[in-house]
Amino acid sequence: MKKHGSTARLRIDAAACDGIGVCAHLASEVLELDRWGFPIITARDLSRGELSAATRAVRACPRKALWIETAEVPAVAERAPGVTTPS
Ligand code: SF4
């Protein structure tokens with residue numbers, strides 16, 4: 901059996917952001933604001949619940965400065981421990 905999936909991370913174009921902070925109010929699970937009101941995004945994969953919050957923030961951003969980057973996780977053969985593959 902092979903396993904595969906995808907990961908998602910929230911990204912920001914800092915040059916486009918105006919720092920008003922609408923995003924952090926809508927998605928406090930994945931964003932917080934620095935002392936100047938600009939969002940800080942954690943560099944980690946989003947959970948399913950966080951993905952929903954991040955999507956709200958992306959849709960609400962008036963500057964289109966946020967987006968969700970997805971990546972496919974390659975399929976990995978699932979093997980029992982100790983079983984080797986012939987070379
Ligand atoms: S909503 Fe958009 S423009 Fe406003 S602070 Fe967040 S990322 Fe920046």
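Counted the way my numbering counts, the sequence shown spans residues 901 to 987.
For glycine and all other residues, C-beta sits at the position ideal for the given N, C-alpha and C.
All figures in this text were calculated on a predicted structure; none of them were measured in a lab.
Residue range of the unbroken beta strand (DSSP E) whose run includes Leu933: As a first step, residue 933 is located in the sequence shown; it is residue number 33 there, counting from the start. Start and end: Leu931 to Leu933.
Taking 7 Å as the cut-off, is the C-beta of Asp918 nearer than that to any heavy atom in the ligand SF4? Translated into positions along the sequence shown, residue 918 becomes position 18. Asp918 Cβ: within cutoff of the ligand SF4.
Leaving out five residues before and five after Arg944 in sequence, what residues of the same chain have Cβ atoms less than 8 Å from its Cβ? In the sequence shown, counting from the first residue as 1, residue 944 sits at position 44. Cβ neighbours of Arg944 beyond the five flanking positions: Arg909.
Could you spell out where the alpha helix (DSSP H) holding Arg956 opens and where it closes? Within the sequence shown, numbered from 1, the residue matching residue 956 stands at position 56. It spans Arg948 to Ala960 - the alpha helix (DSSP H) in which Arg956 sits, taken as one unbroken run.
Compute every distance between the C-beta of Ala953 and the non-hydrogen atoms of the ligand SF4, then say whether any falls below 7 Å. Sequence index remark: in the sequence shown, residue 953 carries index 53 (1-based). No, Cβ of Ala953 sits at least 7 Å from all heavy atoms of the ligand SF4.
First through last residue of the alpha helix (DSSP H) which encompasses Cys917: Reading the sequence shown from its first residue, position 17 is the one you call residue 917. Element bounds for Cys917: n/a, residue is neither H nor E.
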